[in-house]
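The sequence shown begins at 483 in my numbering and counts up one residue at a time.
The C-beta atom is built at its ideal place from N, Cα and C for all residues, glycine as well.
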Amino acid sequence: MLNNVSDCEEVEGGAHSQGDGNPKESSPFINSSGGSGVEKTQQYDGKNMALFEEEMDTSPMVSSLLSSLANYSNLPQGSKEHEEAENNEEARKKVVQAPRMGTVMGVYLPCMQNILGVILFLRMTWLVGVGGVLGTFLIVFMCCSTTMLTAISMSAIATNGVVPAGGSYYMISRSLGPEFGGAVGICFYLGTTFAGAMYILGCIEILLIYIAPHAAIFQIEGLEGAEAEAGMLNNMRVYGTIVLSFMALVVFVGVKYVNKLALVFLACVILSILAVYAGVIKTAFEPPDFPVCVLGNRTLFSKGLDICAKTIDRGNGTVTTKLWRFFCDSEFLNATCDEYFANNNLTQLQGIPGVTSGIISENLFSTFMEKNDFLQKRGLPAVEDPDTPPTNTNRYVLADITSFFTLLVGIYFPSVTGIMAGSNRSGDLQDAQKSIPIGTILAISTTSFIYMSSVILFGACVDGVVLRDKFGEGVNGNLVIGTLAWPSPWVIVFGSFFSTCGAGLQSLTGAPRLLQAIARDGIIPFLRVFGHGKANGEPTWALLLTASICEIGIIIASLDAVAPILSMFFLMCYMFVNLACALQTLLRTPNWRPRFKYYHWALSFLGMSLCLSLMFICSWYYAIVAMGIAGCIYKYIEFCGAEKEWGDGIRGISLSAARYALMRLEEGPPHTKNWRPQILVLVGLDEEQNVEQPRLLSLTNQLKAGKGLTIVGSCIVGTYLNNHPQAQRAEQSLRKLMETERVKGFSQVVISSNLRDATSHLVQAGGLGGLRHNTVLVSFPKNWRQATDNQQLGNFIEVVRETTATSLALLVPKNIGAYPSNGERFTEGHIDVWWIVHDGGMLMLLPFLLRQHKVWKKCKMRIFTVAQMDDNSIQMKKDLITFLYHLRLDAEVEVVEMHESDISAYTYEKTLVMEQRSQILKEMHLTKNEREREIQSITDVSRGSIRRKNPPSGHPQKTNLDESAGGSVEKPEEEVQLIQGMNATPVPTPTSPTCPTSLSTPAVSPGEVVQRTWSDAVDNAKNPSVANPEGIRDMFSMKPNHSNVRRMHHAQKLNEVIVRKSQDAKLVLLNMPGPPKNRTGEENYMEFLEVLTEGLNRVLLVRGGGREVITIYS
C-alpha cells in the first residue's frame, strides 16, 4: 500500500521535474509501479482484491491513493518560498511550507492596496471637476459594476478546482483553451507592466510637482506652452528611468524586500484615505483657508503672488502689487497694462468652502475644456474682446489636455483594476476556495464605496475651479486632494508617494511571474526562454523583458496617455474571464462544479458586454490595437504553438456548434448553389502502412482548397483485436500525409475480414448525419491484367456499383503518378472536358474548381461534345456557348462529329480475344506456370486468326505485318499483353489502328467458323489433363457477343477522336461508362475503359451522382 503511494508521488514529481512547460494537472491516479508478476501477486495477497488483480497495473487501490488525493498539489513555489530559499541552504533540498494566510491578509488587503492608488490621489478631483458629480459618478458606477461582475465570474472559476500561480491567465487558459489563454495572458501581462509604468509616472509627478520641484533637471519656470510641456515630459522620462532601474534592482535582489514593505505601503494608503475623510468632516464646521485669485473669470497662477489685488493702500499712497507688475510694463500707476487686466476686477474665492456650503449644485454638471483653455469660474462677469489675442497666458491656469467623457473613462478605469491580486496568491491561502470570493468581493465593495463617496464629497466640498486645477497651480502648488486632508496636506503627499512606489514594485514583481507561467506552459514557442530564472525559480529574464516594456510607458511620460493603454489590456482580460464563466455555465460541462454558488450566466454576459463597451468608450483605436495584438497571438498559437488539451470550454462550444450544425444539415439536401464535392478518398496501404498513392491527396487538395469535407479512408484486412496497432499506425500515416499535402479533413481506417466489405463500410458509413461525402475518389487499378487473382478488379468495380447505387459521384484518376504535386505549376496548357452524356454538371464544375488552385490556374478550359449523324453541330455549338455563358464559365467550345462506320475486323477480333481471355482465366483452375503456357498457346492462335482476317490490301496500316527489316513481327496490344504473362509490366502502345474491312466480307464472316459450343470447351478446360492445345484453339472459332463488339467499336472510335484532339492536354476529363449489371462482364468493362483512355497521359474519369451540381441562377 505504501509502495503504491510512493510510486504515485514519484510520477507526480517526474512530471514537474521534466520541465516540459506543460502543467497539465498531473493526476495522482497514475500508477507506474513495476515488478514481476510474482511480486505483484505477493503485493496483493491477503488484501481481498483477487477479483481485481489484473487491473491493479492501471487502476490502483483507493486505499493507497487517499492520502495523495487529499494533499494533491500542483502549485509551484510562491514568492515566500523563494524568499526562504534564498536565506536557507537546507530549503533548497526540500520544499518549505510557508505559513498560510487567511481572507483578510491574503486577499482583502492585497486587493485594497492594488485597487486604491495613483488615480485616486492625482486625478480623482480633476475628474469630478471636469466631468461633474453626475458624470463622474456614472463613470465610477460603470467601472465598479464591471469589476464586481467580473469578480463574481472569477470567484466561480477560482472555486472550481485548484488555481496555481498565474491567476487569471491560468483560469482563462484552462476555461477557454491555450489560444485564448495565451492571448489574454499576454494582454494581462502587458496591462500589469504598463500599470507599473503608470505608478512610476505618478510617483515622479508627486516628487517633481509637490515635493521637490527644484529637483527638475529641465527647468520649466518662465517657459510657456509647448516648451514647458516638453521640459516636464523630459523630467518625467529621466527620473522615471532612474526609478524604474532602482525598482527592477530591488525585485531582482529579492522579493522579500517587497513583501516586507508591502504592509508599510498599505498603511500609507489607508492613512491617506482616513486623512481625507477627516478633512471632509472638518470642513463642515471649520473650512481650511485656501484662497484662489480670479481675474474676471480666469483663475490666476498663484505662484509668485503676494496678494490678490492690483494695488494696495500703504500709508497715504497707493502701491502696486506683484500682480500689477506681471500684467503692466512698469510698477507705476500710469503704466500700460494688459487690456484684459485693465478691464476686469480681481476676485478672491474660497477654494474649499466646505461640505455644508452648497457648492455641489455648481459642480453637478460637466465642464469639458480644450487644450490651453483658461480655467474659468462660472457666474463671474468678465470683459474681453474676442478679436484680441490673449496675452500673458503663463500667468493663468490653463487646461493641459483636451477633455471629453470617453477620455475620463480611460483615465479612471485603472483605479478599479487589481481585483486579481487575491486569485494570484491562491497558493499562499489557507482555503483559497473560500477566501478568494469573500475577500475579492469585499475589497471591491469597500473600494467602490470609497470612490463613490469621494465623488460626492469632493463635489460638495471643493470649488469647481480648484477641482479642475489638475496640478494645484491656483492653490500655491498644493495637491488638490491634499488641501482637504487633515491635519496637513503633506499626509496625502507622502502617503500617495509611498503608495505609488509600492504599487509599482508590486507590478514589477507580479508581471514577470505571470510571463514565466505563460512561458513554462510552452504554448508560445518564442517565449520559452523567459521560463528560466535563478536557481530558486525567480524569473530573471522575464524581469528584464518587463522592465524593457515598462520603459516604453516611461518614455510616453504622460500618466493621462498611459492610463487608457493599460485600461484596454485589463478590460480585455476581464471580458474573457466573464466569457469563460458564461460558457462553462451554459455548456454545463460535468467538471463545472464551483463552490461559489452566487453566479449566473446572464451576469457574466452583462459583465462581458460592459467590458467590451468600456474598451471602445475609452479609446476605439487603442481597443482595435489591443484586439489586434490578442488576435495575432491567438493565430500564432493556433499556427505553431504547442498543442494542449486542457478540457477547455472552446472545445465544448465546438461540440455544441457541430451538433447544432449537423442537426440543421439534416433538415434537407443542400441547394445546387451550395453543392461542392465532399470527397471520400480511398487509398491503399503497403506493408509498412504507408500510402501507396500519395498523389491522390495532392489531387484532393487541388480540388478542395481547404473547403468542405474530406475523409481519407483506408482498409486493413483482419480482425479488430489483432490488427488494432496496425490501424493506429495507418491512421498516423494518413494524418502525416494529409498534413504534408495540406489536406484539411479527417482520416478513417476500417478493419474487416476482407477488403471488399471494408471498402463498402467506408462508402456507407463515412461522415456523420448531414455532413457526409457526396463524391468518392479512387485510383484506377494498376496492372489489373497481371493480378494473380481478380480481387483488386472486383473491389474496384464494386466501388463503382456502390457509388451508383447510393447516388454518389465518382472520380477515377488514371495514371495517378503522372498528376502534378502541389508544388508544381503549369504555365500553359489546357484542361479538356469531353462531355458525352449529361452527369448533372460535374464535368463543368471540376475544371472550375481545379483552376482555383495555383497548379492549374494558368490552364485554359476546353469543352468537346460529340455530335451524331442526325445532329445539327452548328446549333449544338451555339447552344453550348450560350449555356457556358449563363454558367459564367470561360471555355473554348468544339463539337466533334462522329460518323457511322462499319465495325472493323480488327475490332471484332479484339473483342473476341477479350472475351476468350476473360472466360478462360475464370474457368481454368491452373497453376501460375500452366496458365502462362496456356495463354501463350491462346496468343499464337489469336495472332494467326488476326492475320487471316486482316488481309494486307484491306488494311494499309497493317501491310507487311509478317515482314520487317529485322524479321520481327509487329503485334497488336492485346497480343503483347497476353504474351507477357500475368506478372509482366504492360508496354504502352499507340492507339490501335482500325481496319475498313467490313464484317460483311464473306471471307471473314465469323458465322462460318463456329465449330463447337463454349460449354464443351469449359468441360475440357476444367480438367488440365484432358485439355490440350488443339482443344483450346478450337475455342477461338466461337462468335463474340454482339453488344461487346459494339461497345469496343465505340470505345475505339471515341479514343481516336480524343487522342487526336487532346493528346497535348494537361488533363482530360471524360464521362465514365457505367459498370455491367451482371458480374460476368467485369473484365470486359475494364477492357473498354482501357481502350477508351489509351494513349492519354492524365485522364480523370467522372461519374455524376444523379443530381444537378451547377446552376445558371444566382
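With a minimum length of 4 residues, the unbroken runs of alpha helix (DSSP H) contained wholly in the stretch 967-1042 fall at 971-1003 and 1022-1038.
Under DSSP, no beta-bridge partner is assigned to P1558. Per DSSP, N1553 is one residue of the beta strand (DSSP E) stretching across L1549 to N1553.
Taking C-beta separations shorter than 8 Å and ignoring five residues to either side along the sequence, the partners of C626 in its chain run V898, I926, T929, S930, Y933 and M934, following chain order.
A Cβ-Cβ contact shorter than 7 Å links L1237 with C1197. Contact between T1028 and L997 holds: CB atoms are separated by about 7 Å, below the 8 Å threshold. In terms of Cβ geometry, A633 and I920 do not form a close pair [threshold 7 Å].
The C-beta distance from A679 to G1035 rounds to 3 Å, short enough to meet the 8 Å contact threshold.
For F850, the CB contacts under 7 Å within the same chain, skipping 5 residues up- and downstream, are V612, S885 and F886 in chain order. In the DSSP assignment, H1243 falls within the unbroken alpha helix (DSSP H) covering L1237 to A1247. DSSP places K804 within a helical segment (H, G or I) once states are collapsed to three.
For the pair E1213 and S1234, the CB atoms are not nearer than the 7 Å cut-off. Setting aside the 5 residues that flank it on each side, S1355 is surrounded in the same chain by A1349, V1377 and E1379, each with a C-beta closer than 7 Å to its C-beta; the list follows chain order. The stretch 1209-1223 and the stretch 1174-1188 touch, with three or more beta-carbon pairs separated by less than 8 Å. Between the stretch 1543-1556 and the stretch 1312-1331, the count of C-beta pairs closer than 8 Å reaches three or more; the two stretches touch.
DSSP places M1343 in no alpha helix (DSSP H) but in the uninterrupted beta strand (DSSP E) bounded by K1342 to A1349. The stretch 877-896 makes contact with the stretch 777-785, as at least three CB pairs between them are under 8 Å.
In the three-state scheme derived from DSSP, where H, G and I count as helix and E and B as strand, E1590 is classed as coil. Taking each of K1342, E709, F1012 and K1189 in turn and checking the Cα distance to E1374, the smallest one comes out for K1342. Looking at the DSSP output, W1316 sits in a beta bridge with F1346 and L1552. Excluding its 5 nearest sequence neighbours in each direction, A1533 has C-beta neighbours in its own chain below 7 Å: F1570, V1573 and L1574, listed in chain order. Between the stretch 744-751 and the stretch 975-993, the count of Cβ pairs shorter than 8 Å is three or higher; the stretches touch. V644 has its alpha-carbon roughly 16 Å from the corresponding atom of G584. In summary, M1145 is exposed, with fewer than 16 beta-carbon neighbours lying within 10 Å of its beta-carbon over all protein chains present. Beta-bridge analysis with DSSP links G1195 to L1164 and Q1230. The beta-bridge partner set that DSSP reports for R1146 is empty.
Counting along the chain, Q832 sits inside the beta strand (DSSP E) bounded by residues L828 to Q832. For L616, the enclosing alpha helix (DSSP H) covers residues M606 to A640. Excluding residues up to 5 positions away in sequence, I1233 lie with their Cβ nearer than 6 Å to the Cβ of Y1202 in the same chain.
Beta-bridge annotation (DSSP): F856 is paired with L880. The closest CA to that of I1037, considering only N717, S1095 and L631, is found on N717. Distance from the CA of L1048 to the CA of I1106, rounded to the nearest whole angstrom, comes to 13 Å. In this structure, G761 is the residue among E1149, S848 and G761 with its C-alpha nearest to the C-alpha of L966. Residue range E1374 to E1379 is occupied by the beta strand (DSSP E) that includes V1377, with no alpha helix (DSSP H) assigned at that position. Scanning D1352, R1333 and D1353 for the CA closest to the CA of R1344 turns up R1333. When the five nearest sequence neighbours on each side are left out, the beta carbons in the same chain lying within less than 7 Å of the beta carbon of G1586 are those of A1291, D1321, G1322 and M1324, in order along the chain.
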